[in-house]
Every structure is written in C-alpha cells, then in structure tokens.
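Heads up: the protein sequence lines correspond to chains R and X, in order.
Residue numbers for the first sequence follow the working numbering, beginning at 1 and rising by one.
Residue numbers for the second sequence follow the working numbering, beginning at 179 and rising by one.
Report on the following structure.
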Amino acid sequence: MNDTTEYVDELPERVLSMIGTPMYEQTATFPAERSYGYNTLAATQNANPLFWDDDVAAELTDGVVLAPTTLSLWMRPHHWEPGAVGEQVALKVHFDLKEIFGLPEAVMTDNTIIFFDPVRPGDVISNRQVLTSVSGPKTTKLGSGRFWVIDVEFHNQHHDLVGVESYTGFGYVRSGGS
Amino acid sequence: MSASAPVLFDSVAIGDALPELSVEVTPTTVVLGALASRDWRPMHHDFKFATERNGVADIFLNTPNQAAWFERYVSDWAGPRARLGRMTFRMKTSIFPGDRMDFAATVTGVDADDVGQGWATLEVTLTATATDGRDPAPRLASTCTVRVALPADAADNPWSRRGDQWVP
Numbered sequence: 001m002n003d004t005t006e007y008v009d010e011l012p013e014r015v016l017s018m019i020g021t022p023m024y025e026q027t028a029t030f031p032a033e034r035s036y037g038y039n040t041l042a043a044t045q046n047a048n049p050l051f052w053d054d055d056v057a058a059e060l061t062d063g064v065v066l067a068p069t070t071l072s073l074w075m076r077p078h079h080w081e082p083g084a085v086g087e088q089v090a091l092k093v094h095f096d097l098k099e100i101f102g103l104p105e106a107v108m109t110d111n112t113i114i115f116f117d118p119v120r121p122g123d124v125i126s127n128r129q130v131l132t133s134v135s136g137p138k139t140t141k142l143g144s145g146r147f148w149v150i151d152v153e154f155h156n157q158h159h160d161l162v163g164v165e166s167y168t169g170f171g172y173v174r175s176g177g178s
Numbered sequence: 179m180s181a182s183a184p185v186l187f188d189s190v191a192i193g194d195a196l197p198e199l200s201v202e203v204t205p206t207t208v209v210l211g212a213l214a215s216r217d218w219r220p221m222h223h224d225f226k227f228a229t230e231r232n233g234v235a236d237i238f239l240n241t242p243n244q245a246a247w248f249e250r251y252v253s254d255w256a257g258p259r260a261r262l263g264r265m266t267f268r269m270k271t272s273i274f275p276g277d278r279m280d281f282a283a284t285v286t287g288v289d290a291d292d293v294g295q296g297w298a299t300l301e302v303t304l305t306a307t308a309t310d311g312r313d314p315a316p317r318l319a320s321t322c323t324v325r326v327a328l329p330a331d332a333a334d335n336p337w338s339r340r341g342d343q344w345v346p
C-alpha cells in the first residue's frame with residue numbers, strides 16, 4: 001500500500017481532517033465476561049487450560065483472564081439495542097470511509113494486535129479509532145477502490161492499556177460494477 | 179491440570195518447526211467464529227449476501243476469528259505459561275466452508291529483550307484447500323508473524339510481567 005502523503009492532494013478535506021485524529025472514543029456498554037469468552041474458545045477448539053482451569057489461572061494470572069485475541073469483541077456493539085438506528089458497527093471509521101469514497105464493499109486484508117495487560121471478566125473496555133493512512137486508487141481481483149489503515153487503542157476501567165489493533169481495510173467497487 | 183511449561187525459551191531454536199494442525203471448515207465453523215467475536219456482518223453468515231454482494235464463493239471466516247485460530251495454534255505448541263505479545267497477519271484469500279485449513283509454522287527468531295524476557299518469533303502459514311469439488315489446489319490463505327514470550331524455566335511466568343517489564 002502506498003503512503004498517504006503521495007495522494008494528499010486528491011483526498012477529500014473530510015478525510016484529511018480524520019487522519020491522525022482520535023475518533024469515536026467510547027466505552028463498552030457491557031463488561032467483559034467469561035461465559036461469552038468461552039464462545040471463542042469453543043469456536044477454535046482452544047483447550048488452553050489457562051482459560052478453562054481456575055487453578056491454572058490462579059497460579060499464572062492471579063485469577064481468570066480472557067483469551068487475548070478476544071480483545072476487540074468486548075467493544076463490539078449489540079446487533080440491536082433500544083434507540084439504535086441502522087446497522088450497529090464496531091469500526092465506524094471504516095464505514096465512514098466507505099461512504100465518503102462511495103465504495104459499497106470492503107474487506108479487511110491485514111491485522112496487527114499487540115497485547116498488553118490481559119482482559120479479565122468484569123473489565124469495562126474503552127477504545128478510540130485513529131485513521132493513519134489512505135491509499136490512492138487501487139485495483140485488485142476484487143475490484144477498484146482504496147486501502148486504509150485504522151489503529152484502535154483499548155484500555156480497561158483502570159486506564160491500563162490492554163491492547164492495540166491495526167486494521168488494513170480495502171473498500172471497493174466490484175469489477176464491472178458501478 | 180497444572181500449568182506445565184512444555185516449551186522453554188532455551189529449548190527453542192531458529193528453524194524449529196511447530197506441529198501442523200488441520201481443521202475442516204464447515205458453515206458452523208464460520209458462523210460460530212463470527213458470532214463468538216460479536217461480528218454480525220452478513221458476509222460471515224448470509225450466503226446470498228456473500229456471493230451476490232461481495233462476489234465471493236461463500237460465507238467466509240472473519241478477521242477476529244482468524245486471529246483466535248492463530249492463538250489456538252500457537253498456544254497448542256507453547257503451552258499456558260507462554261504469553262502472546264504481538265501478531266500480524268495478512269489475509270490473501272478468504273476461507274470458506276468446504277475448505278481444509280492447514281496451519282504450519284517455523285521459528286524464525288529467538289531473542290531476549292532489555293528486561294530479560296525471552297521471545298520466539300514464529301512465521302505461521304495458513305493454507306486452505308477445497309475439499310468440496312471446487313478447485314482443489316492449495317491456496318496460501320494467510321501468513322502470520324507471532325511474537326510469543328516463553329518462560330525461561332519451569333518456575334518462570336511471563337504473565338507476571340506488567341508495566342515496563344512487559345514490552346511486546
């Protein structure tokens with residue numbers, strides 16, 4: 001992917017103002033919980049005793065911790081909740097960019113996760129999103145569009161850093177589409 | 179069950195290969211993984227949306243669930259005392275029901291950081307092979323670089339590190 005600076009002249013003002021600016025700072029409306037965390041372990045048949053055996057958790061982590069790669073799920077909105085309008089999405093900046101550039105489809109191509117303090121049941125996680133770059137127009141086998149990179153920082157209710165994620169998304173119009 | 183340490187830092191060398199893992203992907207694999215990660219986007223559970231809107235062959239494995247599969251694969255080898263520091267993965271092609279996922283990995287780095295924590299760097303490949311009549315040629319679906327902290331001995335515990343003692 002090309003660096004944003006090569007294309008800065010052609011990017012809409014709204015996108016330029018987003019780059020480097022923390023957006024959508026929010027706190028989860030529900031605490032991290034062990035029972036939901038089991039779904040990820042079951043989905044991947046992960047038998048790590050750290051997450052299943054309280055004695056192991058007590059020995060290694062002073063109590064139960066949740067699997068590190070569940071990080072983002074504790075910030076994902078409910079599919080519906082009272083008062084909500086439209087589809088509830090986790091990575092709002094990604095969907096903003098789709099709208100701004102008129103790119104109806106999108107996929108994630110790259111993901112980096114850095115793990116800091118473990119998330120524990122009862123933690124209430126907060127995060128914020130930062131758009132770090134947007135590419136010029138690109139064409140792949142999926143279609144024509146742009147790549148972008150969004151960083152997300154996660155903290156717990158004690159303001160401890162629990163993780164940082166970086167997503168590369170590709171928003172596109174399908175080949176032959178409008 | 180005890181918190182045994184099957185892999186110690188000193189026992190790992192560059193070039194070591196991890197045991198391979200094969201998993202048959204079903205629609206349940208995809209949907210369970212998506213819902214487990216609270217990812218409600220329709221391309222991970224709605225066949226018509228995936229094929230007609232996204233233009234792909236079927237519903238496909240979502241990003242957070244793929245991360246969880248990499249975690250499972252690495253922790254199978256490293257054991258509960260090992261602690262993930264960082265993972266970076268690139269998804270080159272989607273993984274669909276009817277695929278077999280084959281995980282393989284090689285140790286590409288071993289180092290100790292400035293605070294004395296030993297790390298292994300792993301290069302993981304995830305290959306998808308269609309077993310349902312589609313083109314059966316193996317596809318390199320994803321590559322993943324994992325940095326995992328390993329205990330120095332049976333009494334060491336990377337999970338005990340916090341603050342400036344944990345540099346992932």
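A virtual CB, placed ideally from N, CA and C, is assigned to each residue, including glycine.
Residue i (DSSP reduced to helix, strand or coil)
| i | result |
| --- | --- |
| Trp240 (chain X) | As written in the sequence, residue 240 (chain X) is Asn, which differs from the Trp given in the question. Asn240 (chain X) falls in the coil class under three-state DSSP. |
| Asp342 (chain X) | helix |
| Phe116 (chain R) | coil |
| Ser166 (chain R) | strand |
| Glu202 (chain X) | strand |
| Thr70 (chain R) | helix |
| Phe274 (chain X) | coil |
| Thr29 (chain R) | coil |
| Trp218 (chain X) | coil |
| Pro22 (chain R) | strand |
| His94 (chain R) | helix |
| Asn335 (chain X) | coil |
| Lys226 (chain X) | helix |
| Asp53 (chain R) | coil |
| Glu81 (chain R) | coil |
Under 8 Å from the C-beta of residue i: neighbouring residues of chain X
| i | result |
| --- | --- |
| Ser72 (chain R) | Ser215, Pro242 |
| Glu99 (chain R) | The contacting residues do not exist; Glu99 (chain R) stays about 16 Å from chain X at best. |
| Ala84 (chain R) | In chain order: nothing, as chain X lies at least about 12 Å away. |
Contact list for residue i against chain R, beta-carbon separation under 9 Å
| i | result |
| --- | --- |
| Leu318 (chain X) | Result: empty, since nearest Cβ-Cβ is about 14 Å, beyond 9 Å. |
| Glu202 (chain X) | Here the premise fails: no neighbours, minimum Cβ distance about 11 Å. |
| Val235 (chain X) | The displayed chain sequence assigns Ala, not Val, to residue 235 (chain X). Those within 9 Å of Ala235 (chain X) in chain R number zero; the least Cβ separation is about 13 Å. |
| Arg231 (chain X) | Pro104, Glu105, Arg174 |
Best match in the options for proximity to residue i [C-alpha to C-alpha]
| i | options | result |
| --- | --- | --- |
| Ile273 (chain X) | X:Asp292, X:Phe248, X:Thr307, X:Arg261 | X:Thr307 |
| Leu328 (chain X) | X:Ala191, X:Arg259, X:Asp277 | X:Arg259 |
| Asp123 (chain R) | R:Gly171, R:His94, R:Lys138, R:Gly63 | R:Gly63 |
| Ser135 (chain R) | R:Ile150, R:Asn127, R:Arg128 | R:Ile150 |
| Cys322 (chain X) | X:Asp313, X:Gln343, X:Ser338, X:Leu262 | X:Leu262 |
| Trp344 (chain X) | R:Asp117, R:Arg174, R:Gly171 | R:Asp117 |
| Trp337 (chain X) | R:Glu10, R:Trp52, R:Phe115, R:Ser175 | R:Phe115 |
| Gly192 (chain R) | X:Asn232, X:Phe187, X:Thr204 | Nothing in the structure corresponds to residue 192 (chain R), since chain R is present only between 1 and 178. |
| Arg250 (chain X) | X:Arg219, X:Arg268, X:Ala283 | X:Ala283 |
Residues that residue i contacts on chain R, provided the C-beta gap is smaller than 8 Å
| i | result |
| --- | --- |
| Arg264 (chain X) | Thr112, Ile113, Ile114, Phe115 |
| Pro205 (chain X) | Simply none; closest approach about 13 Å. |
| Leu210 (chain X) | Asn39, Ala42, Ala43 |
| Ala228 (chain X) | The premise fails here: Ala228 (chain X) is roughly 11 Å from chain R at the closest Cβ pair, so nothing lies under 8 Å. |
| Ala245 (chain X) | Thr69, Asn111, Ile113 |
| Arg346 (chain X) | Position check: residue 346 (chain X) holds Pro in this sequence, whereas Arg was assumed. Under the 8 Å cutoff, chain R gives Ile114, Phe115, Phe116. |
Chain X residues whose Cβ lies nearer than 9 Å to that of residue i
| i | result |
| --- | --- |
| Asn48 (chain R) | Glu249, Arg250, Ser253, Asp254, Gly257, Pro258 |
| Arg76 (chain R) | Ser215, Arg216, Asp217, Trp218, Pro242 |
Beta-carbon proximity list for residue i, same chain, < 8 Å, skipping 5 on both sides
| i | result |
| --- | --- |
| Pro316 (chain X) | Asp280, Thr305, Ala306, Thr307 |
| Asp254 (chain X) | Pro197, Leu199 |
| Thr309 (chain X) | Glu202, Gly276, Asp277, Arg278 |
| Arg14 (chain R) | Ile100 |
| Val288 (chain X) | Phe187, Val190, Ala191, Ile192, Gly296, Trp297, Ala298, Thr299 |
Listed by chain order, chain R residues near residue i by CB distance under 7 Å
| i | result |
| --- | --- |
| Trp218 (chain X) | His79 |
| Arg268 (chain X) | Thr109, Asp110 |
| Arg340 (chain X) | Asp117 |
| Pro197 (chain X) | Those within 7 Å of Pro197 (chain X) in chain R number zero; the least Cβ separation is about 14 Å. |
| Pro184 (chain X) | Those do not exist, as Pro184 (chain X) stays about 12 Å from chain R at its closest Cβ, beyond 7 Å. |
| Trp297 (chain X) | Near Trp297 (chain X) there are no residues of chain R at all, since even the closest Cβ is about 13 Å away, more than 7 Å. |
Contacts around residue i, its chain only, beta-carbon distance under 6 Å, and the 5 residues preceding and following it disregarded
| i | result |
| --- | --- |
| Ile19 (chain R) | Leu131 |
| Trp286 (chain X) | Here residue 286 (chain X) turns out to be Thr, not Trp, going by the sequence shown. Closer than 6 Å at the Cβ level, and outside the excluded window around Thr286 (chain X), lie Thr299, Glu301. |
| Met1 (chain R) | Note on Met1 (chain R): pLDDT 48, under 50, position unreliable in the model; no value is reported. |
| Tyr24 (chain R) | Lys92, Gln129 |
Contacting residues, own chain, Cβ-Cβ under 7 Å from residue i (five flanking each side not counted)
| i | result |
| --- | --- |
| Ala84 (chain R) | none |
| Arg216 (chain X) | none |
| Ser180 (chain X) | Only weak support is given to the placement of Ser180 (chain X): the predicted model assigns it a pLDDT of 48, under 50, and the question is left unresolved by the model. |
| Asn335 (chain X) | Arg259, Pro329 |
| Ala212 (chain X) | His222, His223, Asn240, Asn243 |
| Val208 (chain X) | His222, Ile237, Phe238, Leu239, Pro275 |
Contact set between residue i and chain X, taken where Cβ atoms lie within less than 7 Å
| i | result |
| --- | --- |
| Val134 (chain R) | What Val134 (chain R) touches in chain X: nothing, since even the nearest Cβ is about 19 Å away. |
| Leu60 (chain R) | Ala181, Pro258, Arg259, Asn335, Trp337 |
| Pro137 (chain R) | The premise fails here: Pro137 (chain R) is roughly 19 Å from chain X at the closest Cβ pair, so nothing lies under 7 Å. |
| Pro68 (chain R) | Glu249, Leu262 |
Distance cut-off 7 Å: residue i Cβ against heavy atoms of the ligand COA
| i | result |
| --- | --- |
| Leu71 (chain R) | The ligand content of the structure shown is nil, which means the ligand COA is not present either. |
Inset, instruction - Pair every Cβ in the stretch 31-39 of chain R with every Cβ in the stretch 231-246 of chain X, then say whether three or more of these pairs are closer than 8 Å. - result: In short, these stretches do not touch, since the Cβ pair count stays below three.
Inset, instruction - Take every Cβ of the stretch 98-113 of chain R, pair it with every Cβ of the stretch 161-178 of chain R, and state whether three or more of those distances are shorter than 8 Å. - result: yes
Legend entry - contact_flag[the stretch 40-49 of chain R, the stretch 148-164 of chain R] where n(CB pairs < 8 Å) is 3 or more: no
Inset, instruction - Check whether the stretch 212-229 of chain X touches the stretch 185-199 of chain X, taking contact to mean three or more Cβ pairs, one atom from each stretch, closer than 8 Å. - result: Here the stretch 212-229 of chain X does not lie against the stretch 185-199 of chain X, with fewer than 3 beta-carbon pairs under 8 Å apart.
Legend entry - Contact between the stretch 65-72 of chain R and the stretch 135-146 of chain R (3+ Cβ pairs under 8 Å): Flag = no, the stretch 65-72 of chain R and the stretch 135-146 of chain R do not touch.
Legend entry - Where the stretch 16-40 of chain R meets chain C: residues whose CB sits under 7 Å from a CB there: Among the protein chains in the structure shown, which are R and X, there is no chain C.
Inset, instruction - Give a yes or no on contact between the stretch 323-340 of chain X and the stretch 289-299 of chain X, applying the rule of three or more CB pairs nearer than 8 Å. - result: yes
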